[in-house]
Structure formats: structure tokens, C-alpha cells
Amino acid sequence: MSYAEWVASNFSGLRLLGASTSQFRPGEILKHDTNQYIANAELLYETWVPGQPLPTNFWEAVQDEAFIAGRSFSETREQGFNLKIPGLISINLGSARHLEATFSAEALQARYFIAAELPLLIPVFRRLRAAHPEAYEREIDGNLLVLETRYASKATLQFKRGGNVVAKAEVERLGTISAGGEMKWDEEHTLTATGAVNVPFGVVVHRL
């Protein structure tokens, strides 16, 4: 199972991010083809529709633990091994051959709106379109509103070849591994990586 397949089986509708920062949060508007930041929906609404205020804390979001059925996956690559999970870990083992990696996520979180569910957000964006139709079509139409963000801040990783564990020293000779936070190898050559709790690896979006 690949990383993308693991995500698809555990996080329905999740859009993976190749690069990410803490700026990716619910309520941000992203370019549909590049994930580039365009605007913050709350600030945009306050600017474009100042005479129709929304309920207090309409845009408030909360971040909680995310529960999934399968926290682990294993993937074998015949040549090279690359994996990037923004905020958590970046693996580039270009010299690897016939390498199997077992990845287990131990700290997963989701950030989502408390009140601003999609049926309530749709009329908000209709008001934005009505207030500034040309600007909306030019800047907002067809792009992505972030509804949820997903975070992985701790994981373990072990490499094997032919059923045997590959030692830390050999893994390091194959390429580079970096983490968003700390990395620690144990006596069984299992790597524990910690990352940033505010940098998401994926988003759930709605096309505007």
C-alpha cells in the first residue's frame, strides 16, 4: 500500500499537500491547481459585505484528535524511496534498492469549523459574488475553500530488505531523512519522528 492509498482509505476526500505551512487553515481560499493561498474567507467577507455581519464566532475552528482505522501501512520500492509528509517528515533515499518501509502514524489531528458547515457557507459565498461579481469571478470562482485540515505530528518508521531490518547507519548511507521536529532511532532501528502540530499534510476542500 502506498502513502496515497493509505490516505485514500482513511481520509475520505482529503487533498494531499506537496508543500504546506501553518497558513493552511479552515476558511482559507486556495488556487485550485497549485494550492497557492489566495485569501482568507472571513476577512474577505468583512471587506466585501460589511453591511451583513455573520453570527459571532461563525468562522471559529477547533483542532481535535482524528481517529482512523488503519494507522500503519507498508510499501516496497524496487529502486529509490521518497516520501514527504508536510510538517512531519521528508525521506529521500535515492540509493535504496528493494526497500520496504513500514510507517505508523501515532498522533493525528483534524481542524474543522465548529458552526460553519457547508450548507451555511454556500449562501455566504453567494453574497460575496453578488457584492463584487467581477472580482469574484476573477479571484474566487472555481478555486478551493478549505473546510478541514489534517495533521500528523508523530510517526514511527522502520525499513526492511528481504525480511531483515535495515540498520540506521545503512539507511543514512542511502540518502537523507529530515523531520519537522525531532528524530530518534531506538535499539531496534525504528525511527520516531515528531513534527509541527500546526502544519497540515492535507486539506478537505469545497470547489467554489
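Using my numbering, you'd call the opening residue of the sequence shown number 902 and step up by one each time.
Where a beta carbon is used, it is the ideal one built from N, C-alpha and C, also for glycine.
Kindly identify the DSSP beta-bridge partner or partners of residue i.
i, result
"isoleucine 1114", "Because the chain here runs from 902 to 1109, residue 1114 falls outside it and cannot be looked at."
"arginine 998", "Gln980"
"serine 1005", "Ser973 and Thr1057"
"leucine 1092", "Leu1058 and Trp1086"
"arginine 916", "Val1104"
"alanine 909", "Alanine 909 pairs with nothing; no bridge assigned."
"arginine 1012", "Gln964 and Thr1050"
Below 8 Å between beta carbons: does that hold for residue i and residue j?
i, j, result
"serine 991", "methionine 902", "no"
"phenylalanine 1004", "serine 973", "yes"
"alanine 1017", "valine 950", "no"
"valine 1106", "leucine 1048", "yes"
"glycine 988", "tyrosine 1052", "yes"
"leucine 1109", "leucine 1019", "no"
"proline 927", "phenylalanine 1014", "yes"
"alanine 997", "glycine 1076", "yes"
Alpha carbon to alpha carbon, how far is residue i from residue j?
i, j, result
"glutamate 929", "tyrosine 938", "7 Å"
"threonine 977", "glycine 1081", "24 Å"
"leucine 918", "threonine 1091", "26 Å"
"serine 910", "alanine 962", "25 Å"
"leucine 955", "arginine 1030", "16 Å"
"alanine 1002", "serine 923", "28 Å"
"aspartate 1042", "leucine 945", "14 Å"
"alanine 905", "glycine 995", "19 Å"
"threonine 1057", "alanine 1008", "10 Å"
"valine 1025", "alanine 1011", "24 Å"
"phenylalanine 925", "glutamate 947", "20 Å"
"leucine 984", "asparagine 993", "7 Å"
"leucine 931", "alanine 940", "7 Å"
"arginine 916", "phenylalanine 982", "22 Å"
"arginine 1027", "alanine 1094", "44 Å"
"methionine 1084", "isoleucine 1078", "9 Å"
"threonine 1050", "lysine 1061", "32 Å"
Mark residue i as exposed unless 16 or more other C-beta atoms lie within 10 angstroms of its C-beta, in which case mark it buried.
i, result
"glycine 1063", "exposed"
"glycine 1134", "There is no way to answer for residue 1134, as the model of the chain reaches only from 902 to 1109."
"asparagine 936", "buried"
"leucine 914", "Looking at the sequence provided, one finds glycine at residue 914 rather than leucine. The residue in question, glycine 914, is exposed, as its Cβ has fewer than 16 Cβ neighbours within 10 Å."
"arginine 1039", "exposed"
"phenylalanine 968", "exposed"
"alanine 1070", "exposed"
"isoleucine 1023", "exposed"
>> Quick check for students: name the residue ranges of the alpha helix (DSSP H) that lie wholly in the stretch 918-992, counting only runs of 4 or more.
In response: 942-949
Every unbroken alpha helix (DSSP H) inside the stretch 1027-1070 [4 residues or more]:
1034-1040
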